[in-house]
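Enquirer:
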Amino acid sequence: MLTDDFWIQPAKGFTDRTRGRTEEEILKIESTIGFRFPELYRDLMKIQNGGHLRRRAYPFKDGIQELFYNNAKLDPIFVGSVVNVLQELSEFMDEEEIEELAQTEINYMDRLIIVSSMYGHSYMCFDYGWHEETVRSEPEVCFFDMERGNGFEEYLRVESFEKLVSELVYYGYESTSFYIGIRSSLSIDAIIDVLAVQWSVKFQEHTTDRYGWFNFDKWFSGELEITSDLSFHIVVSPNQHRSGTYLFQNHADNTFVIEIVPTQKDATSERDSTEYAVVINNLLLKLKEKEITASILLVPFDES
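Next up, the structure:
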């Protein structure tokens, strides 16, 4: 399903701001903006009210480009919080300047509903027909950059929100980790003991929150040298935060999560994710011998 593992759940748990919206709440918001959201967007907002995406990149510009980076996320929605581009631009531009931005006689900027402020200088919008005479019932998705060209340049348009979500991939400089799920009745200390022996890794225990992404009593990290040129930074943690949310909520049957970050000393000899996956699968075979069930949850997308 397109909703599976879409969101990164908040480590500290859900609040009234971040919890999923009810059907009644969404209907109220739609009533205030005058448009109905796409069905998939409504479903996602019922799970979690905005936040960071697991898959952040999209195929465009003859390649794969990260869209949601530098803390970019989908905005939470409340009555009065969802605005259109006309409202946003009117805060710092006059009517004549806004008309110049449109560069067309048909200009219904109030039909551009902002659903993400992205990374501060860009907007992701649902376009209900800002260049069309009639209102669209199903919006296209468009992205605008406020720093390029004339100050309001569209750099990506997708025919529907469902198409956008279905084609998002886990790729880019913020999406380089391999994630492995572990199903076991063992404690995390016992799991670490097994990994230390089977993988020849010396682990260090941590009780910090790891930049706000973790909320565990403890977690572990270690370094595994694969070759003289390649090493793996390994992080082992519970899957469920103390607050009750998960690292991977659609894989709640996994008690622990192993994160592996490949690091190459020689940047000129590039490897792709397929090569890393082969090495990782060999590591997982060693766990199978110890009756620990392990499965790969997420692998970086290989553009080649």
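Going by this note's numbering, the letters in the sequence shown line up with residues 276 to 579, in that order. The beta carbon of each residue, even a glycine, is placed where N, CA and C say it ideally should be. Computed from a prediction, not measured in an experiment: that's the story for all the values here.
(1) Rounding to the nearest angstrom, what Cα-Cα distance links GLN284 and SER452 in this structure?
(2) Going by the CB atoms, is the gap between ILE457 and PHE531 shorter than 7 Å?
(3) Residues in its own chain within less than 7 Å of ARG292 by CB, not counting five upstream and five downstream?
(4) In this structure, does DSSP put LEU439 in helix, strand or coil?
(5) PRO575 by DSSP, collapsed to three states: which one?
(6) Would you list the residues sitting across from ASP464 in a DSSP beta bridge?
(7) Relative to the C-alpha of VAL554, which residue among LYS565, LYS540, ILE571, GLU564 is closest?
(8) Excluding the five sequence neighbours on either side, which residues of its own chain have a C-beta within less than 6 Å of the C-beta of LEU387, listed in chain order?
(9) Hey, would you say MET393 sits closer than 7 Å to ALA347, going by beta carbons?
(10) Between VAL390 and the rest of its own chain, which residues show a CB-CB distance below 7 Å, the 5 nearest in sequence each way excluded?
(11) CB-CB under 8 Å to GLY424, same chain, minus the five flanking residues each way: which ones, in chain order?
(12) Span of the alpha helix (DSSP H) holding ILE308?
(13) Rounded to a whole number of angstroms, what is the C-alpha to C-alpha distance between ARG432 and LEU562?
(14) Where GLU371 and ASP547 are concerned, what is the direct C-alpha to C-alpha distance, given to the nearest angstrom?
(15) Please state whether DSSP places THR549 in a helix, a strand or coil.
(16) What are the start and end residues of the beta strand (DSSP E) that includes MET399?
(17) State buried or exposed for VAL357, treating a residue as buried only when at least 16 other CB atoms are found within 10 Å of its CB.
(18) Exposed or buried, which one is SER503 when buried takes at least 16 other CB atoms within 10 Å?
(19) Three-state secondary structure (DSSP) at GLN524?
(20) Comparing alpha-carbon positions, which option in TYR430, TYR446, GLU413, PHE419 lies nearest PHE436?
(21) Where DSSP assigns a beta bridge to GLU480, which residues make up the other side?
(22) Where GLU408 and GLU415 are concerned, what is the direct C-alpha to C-alpha distance, given to the nearest angstrom?
(23) For GLY424, which three-state DSSP category applies?
(24) DSSP three-state label for LEU328, please.
(25) Under the three-state reduction of DSSP, which class applies to ARG317: helix, strand or coil?
(26) Using CA atoms only, rank isn't needed, just tell me which of PHE335, GLY295, GLU442, GLU305 is closest to GLY326.
(27) Does ASN557 come within less than 7 Å of chain D when only Cβ atoms are used?
(28) Leaving aside the five residues before and after GLU434 along the sequence, list all residues of the same chain whose C-beta is less than 7 Å from its C-beta, in chain order.
(29) Put GLU500 into one of helix, strand or coil per three-state DSSP.
(30) Taking C-beta to C-beta, are GLU534 and TYR454 nearer than 7 Å?
Expert: According to the data block:
(1) By 1-based counting over the sequence shown, the position of residue 284 is 9. By 1-based counting over the sequence shown, the position of residue 452 is 177. Spanning the two alpha carbons is a distance of roughly 17 Å.
(2) Counted from its first residue, the sequence shown places residue 531 at position 256. Counted from its first residue, the sequence shown places residue 457 at position 182. In this structure, ILE457 lies closer than 7 Å to PHE531 by Cβ.
(3) The residue given as residue 292 occupies position 17 in the sequence shown. Within the same chain, Cβ atoms closer than 7 Å to the Cβ of ARG292 are found at ASN324, PRO351, the five residues on either side in sequence being excluded.
(4) Within the sequence shown, the letter at position 164 stands for residue 439. Correct three-state label for LEU439: helix.
(5) By 1-based counting over the sequence shown, the position of residue 575 is 300. Reduced to three states, the DSSP call for PRO575 is coil.
(6) On the sequence shown, residue 464 is found 189 positions in, with the first residue counted as 1. Answer is none; ASP464 lacks a bridge partner.
(7) The residue labelled residue 554 in the question sits at position 279 within the sequence shown. When each option's Cα is compared against that of VAL554, the closest is ILE571.
(8) Position 112 of the sequence shown, counted from the first residue, corresponds to residue 387. Excluding the 5 residues flanking it on each side, LEU387 has same chain C-beta neighbours closer than 6 Å at ASN359, VAL360, CYS400, ASP402, TRP405, in chain order.
(9) By one-based count along the sequence shown, residue 393 stands at place 118. By one-based count along the sequence shown, residue 347 stands at place 72. Going by C-beta atoms, MET393 is nearer than 7 Å to ALA347.
(10) The residue given as residue 390 occupies position 115 in the sequence shown. Cβ neighbours of VAL390 within its own chain (closer than 7 Å, five residues either side excluded): LEU349, ASP350, MET399, CYS400, PHE401.
(11) As a first step, residue 424 must be located in the sequence shown, where it is residue number 149. With a pLDDT of 45 at GLY424, under the threshold of 50, the modelled position of this residue cannot be trusted; read the value that follows with caution. There are no such residues.
(12) As a first step, residue 308 must be located in the sequence shown, where it is residue number 33. That run of the alpha helix (DSSP H) goes 298-308.
(13) As a working note, residue 432 is residue 157 in the sequence shown. As a working note, residue 562 is residue 287 in the sequence shown. Cα to Cα, the separation comes out at about 45 Å.
(14) Working through the sequence shown from its first residue, we reach residue 371 at position 96. Working through the sequence shown from its first residue, we reach residue 547 at position 272. Going by the C-alpha atoms only, they are around 50 Å apart.
(15) On the sequence shown, position 274 is the one that residue 549 refers to. Under the three-state reduction of DSSP, THR549 is assigned to helix.
(16) For this step, residue 399 is matched to residue 124 along the sequence shown. Residues 397-402.
(17) One-based indexing of the sequence shown puts residue 357 at position 82. Its Cβ being crowded by 16 or more others within 10 Å, VAL357 is buried.
(18) The residue given as residue 503 occupies position 228 in the sequence shown. Classification of SER503: exposed, given that the 10 Å Cβ count is below 16.
(19) Position 249 of the sequence shown holds residue 524. Three-state result, GLN524: helix.
(20) Along the sequence shown, read from residue 1 onward, the residue named residue 436 stands at position 161. For PHE436, the closest of TYR430, TYR446, GLU413, PHE419 by C-alpha to C-alpha distance is GLU413.
(21) For the purposes of this step, residue 480 is taken as the residue at position 205 of the sequence shown. Per DSSP, PHE495.
(22) Taking the first residue of the sequence shown as 1, we reach residue 408 at position 133. Taking the first residue of the sequence shown as 1, we reach residue 415 at position 140. Taken atom to atom, the span from the alpha-carbon of GLU408 to that of GLU415 is near 15 Å.
(23) Reading the sequence shown from its first residue, position 149 is the one you call residue 424. Residue placement at GLY424 cannot be trusted, given a pLDDT of 45 that sits under 50; what the coordinates show is reported in the next sentence. If DSSP states are grouped into helix, strand and coil, GLY424 belongs with coil.
(24) Here residue 328 refers to the residue found at position 53 of the sequence shown. DSSP, reduced to helix, strand and coil, places LEU328 within a strand of the structure shown.
(25) One-based indexing of the sequence shown puts residue 317 at position 42. Three-state result, ARG317: helix.
(26) Residue 326 sits at position 51 when you count from the first residue of the sequence shown. When only C-alpha atoms are compared, the closest one is GLY295.
(27) Of the chains in the structure shown, none is chain D; there is only one protein chain.
(28) Residue mapping note: residue 434 aligns to position 159 of the sequence shown, counting from 1. Taken in chain order, the residues that qualify are GLU415.
(29) Here residue 500 refers to the residue found at position 225 when the sequence shown is read from its first residue. GLU500: strand per DSSP, three-state reduction.
(30) Position 259 of the sequence shown, counted from the first residue, corresponds to residue 534. Position 179 of the sequence shown, counted from the first residue, corresponds to residue 454. Yes, Cβ-Cβ distance for GLU534 and TYR454 is below 7 Å.
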